[in-house]
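Heads up: the structure comes next, in structure tokens.
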Amino acid sequence: MTVGAFQAKTHFSQIIADVEVGNDYIITKRGKPVAQIIPFVEPQKTRQEGIENLRKMAKKYFKGKPFTAKEIREMIDEGRP
15 MTVGAFQAKT
25 HFSQIIADVE
35 VGNDYIITKR
45 GKPVAQIIPF
55 VEPQKTRQEG
65 IENLRKMAKK
75 YFKGKPFTAK
85 EIREMIDEGR
95 P
């Protein structure tokens, strides 16, 4: 949704409530976009945390057979565009 700066200031609490449920806003000044308010997304975990999560999944779902570093690297590479 697009709103002017004055309207955004006046209705800021409502805009924040809308963003919390997934909506986004473009704020304009004199009809030109100047800012965007979007829902917050948690930053991605570090590579090491991702590798540890893969190892935990392997133990849980693959009868304790952990992935090798090479297998993990291949899985990571397969997920990239």
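Here the sequence shown stands for residues 15 to 95, numbered as in our numbering.
The C-beta atom is built at its ideal place from N, Cα and C for all residues, glycine as well.
So which of K46, V55, F81 and K23 has the shortest CA-CA distance to G64?
The residue given as residue 64 occupies position 50 in the sequence shown. Among K46, V55, F81 and K23, the Cα nearest to that of G64 belongs to F81.
Count the other CB atoms within 10 Å of the CB of I29; is the residue buried (16 or more) or exposed (fewer)?
Working through the sequence shown from its first residue, we reach residue 29 at position 15. So I29 ends up on the buried side.
Comparing alpha-carbon positions, which option in R69, T24 and T42 lies nearest M15?
The residue given as residue 15 occupies position 1 in the sequence shown. The candidate whose alpha carbon is nearest that of M15 is T42.
If you measure between the beta carbons of D32 and Q50, is that distance less than 8 Å?
As a working note, residue 32 is residue 18 in the sequence shown. As a working note, residue 50 is residue 36 in the sequence shown. Their beta carbons are not under 8 Å apart, which means D32 does not touch Q50 by this criterion.
Spatial neighbours of G18 in its chain, beta-carbon cut-off 7 Å, leaving aside the 5 residues before and after:
Sequence index remark: in the sequence shown, residue 18 carries index 4 (1-based). The residues are T42.
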